[in-house]
Structures are given as C-alpha cells and as structure tokens.
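The structure appears right after this line, and notes come after that.
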Amino acid sequence: MNADQLLDLAPVVPVVVLNDADTAVPLARALVAGGLPVIEVTLRTPAALAAIERIAAEVPDAVVGAGTIVRPEDAARAVDAGSRFLVSPGCTPTLREAMTATGRPFLAGVSSASGAMALLEHGITAMKFFPAEAAGGVPYLKSLGGPLPQARFCPTGGITVETAPRFLALPNVGCVGGTWLTPADAVQAGDWDRIEALAKEASALRPAG
Numbered sequence: 017m018n019a020d021q022l023l024d025l026a027p028v029v030p031v032v033v034l035n036d037a038d039t040a041v042p043l044a045r046a047l048v049a050g051g052l053p054v055i056e057v058t059l060r061t062p063a064a065l066a067a068i069e070r071i072a073a074e075v076p077d078a079v080v081g082a083g084t085i086v087r088p089e090d091a092a093r094a095v096d097a098g099s100r101f102l103v104s105p106g107c108t109p110t111l112r113e114a115m116t117a118t119g120r121p122f123l124a125g126v127s128s129a130s131g132a133m134a135l136l137e138h139g140i141t142a143m144k145f146f147p148a149e150a151a152g153g154v155p156y157l158k159s160l161g162g163p164l165p166q167a168r169f170c171p172t173g174g175i176t177v178e179t180a181p182r183f184l185a186l187p188n189v190g191c192v193g194g195t196w197l198t199p200a201d202a203v204q205a206g207d208w209d210r211i212e213a214l215a216k217e218a219s220a221l222r223p224a225g
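For the sequence shown, this note's numbering assigns the number 17 to the initial residue and increments by one for each residue that follows.
Here it is in structure tokens:
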C-alpha cells in the first residue's frame, strides 16, 4: 500500500484520541464493523502507542496508523508499535526524511500551495490538508486543483458529517479525517454500538451533488 492507495480505502478516516489503551480494541472493532477500516490514533496521549500495538495485534481487518507525528522519533516509535501509516499536522525537511525512511506510507500535513509544492518536488502526491476549515476549507482546496492537479488530499480539522460530502465532491480529495466518529462520552461509556452506527453513517457518505 502506498499513500495514494491509502486515500482510497474509505471515505472517512476516524481521528482517534485514546486515554486508555484498554478501549483500543473494542473501539477499532466497532469502526471496522461500521465500514471504516482505516484508523488514525493520534500520539497526543501516553496510551497512544500501546493502543496502536493492541489494534495491530488484535484487529487484523483494521489499517491502523499514527497521527500527530511531529518529531523524527515519533515516526520510528509509531512503526515499532505496528503503525501501517503515518500522519503529521505539518512537515519539515527533517520530518519528511524521517517518515520516508520508515518505508511506511505517510500523509504529511500542508495548509498552503507552497507546502504542497514542497512535497510535490519530492514526488509526494498524497498529503493531509490541515487544519481544513481554518485554512480555507472547500474553496481553498478547489482553488489548489487548478495549478496543482497532481496533489491529492485528506482534509482534516473541523470537518463534520454534514460538511464532509462537500469536501468529498472535490476531485483532489480522496477522503476526509474526522473526530466526530468517536465522541468522548461514547468511548468512556463503552458504547460501541453508537460508534459502529456513526461509522456506518460515515462509510456511506458520498460527494455532495
């Protein structure tokens, strides 16, 4: 799997923040059952790496990756835990080199034409657009499609189930990332049926119009 193929696996990538690694496996199973196999676990909590390790070991149908990769050592540790892909909120030359060195597909974050062009110079065509809504949303991504048609994006940040179809309607968007699929109260309560239902709704999303 390469990064471009990653964009085509599902219309929505759940962006998951986990405070307790014990919830990782049932959460991942609920998302997969709902039709969303690609799961980004953010490295924002001490439990994140253990959560990735458990999902990788116990949920074979999940394609689990690590988000919030901000340092070279984050990339290495995430891969050691079993991450099949990496996602960063932004990108520097050092971080790009570190993610490339892992051999895993990655979505480096950009929020401007210059950022996208810097990745394209290195043959990287699949990237994350973040923070999607704050950085210009659908109109901005649409405007990038003219001069940079080879770039494809997974916009993340501020996207909801209502706005996702407008992003998915753009030819340069492969999928979107969203946090709405794993509400904190549902995760804390172990309400996996609710999360599966949210995943089913998201997996059925189609471009607006």
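Positions of the beta carbon are idealized from the N, C-alpha and C atoms, including for glycine.
{"Asked": "Are the beta-carbon atoms of Phe146 and Gly190 separated by less than 8 Å?", "Found": "no"}
{"Asked": "What residues are listed by DSSP as bridge partners for Thr172?", "Found": "Gly193"}
{"Asked": "Considering only C-alpha positions, which residue in the set Ala148, Gly153 and Thr116 is nearest to Glu135?", "Found": "The sequence shown places Leu at residue 135, not Glu. Comparing Cα positions, the closest option is Thr116."}
{"Asked": "May I have the straight-line CA-CA distance separating Pro30 from Ala78, to the nearest angstrom?", "Found": "12 Å"}
{"Asked": "Work out the CA separation of Leu23 and Ala185 for me, nearest whole Å.", "Found": "14 Å"}
{"Asked": "DSSP has Ala124 in a bridge; who is on the other side?", "Found": "Met143"}
{"Asked": "Taking the Cβ atom as the reference point for each residue, do Ala167 and Thr198 lie within a distance shorter than 8 Å?", "Found": "no"}
{"Asked": "Does the structure place the region 34-47 close enough to the region 94-111 that three or more beta carbon pairs sit under 8 Å?", "Found": "no"}
{"Asked": "Measure the CB-CB distance between Val28 and Val154 and report whether it falls below 8 Å.", "Found": "no"}
{"Asked": "Which one or two residues does DSSP pair with Ile55 in a beta bridge?", "Found": "Val80"}
{"Asked": "Write down the C-beta distance between Ala26 and Ser219 rounded to the nearest angstrom, noting that I regard them as a contact closer than 8 Å.", "Found": "6 Å"}
{"Asked": "So Val33 is in the beta strand (DSSP E); what residue range does that whole segment cover?", "Found": "Where Val33 is concerned, there is no enclosing beta strand (DSSP E), given that its DSSP letter is neither H nor E."}
{"Asked": "I'd like to confirm the pairing. Which residues does DSSP put opposite Leu102 in its beta bridges?", "Found": "Ala82 and Phe122"}
{"Asked": "What's the C-alpha gap between Phe183 and Pro171?", "Found": "8 Å"}
{"Asked": "Can you give me the C-alpha to C-alpha distance between Ala66 and Ala97, rounded to a whole angstrom?", "Found": "7 Å"}
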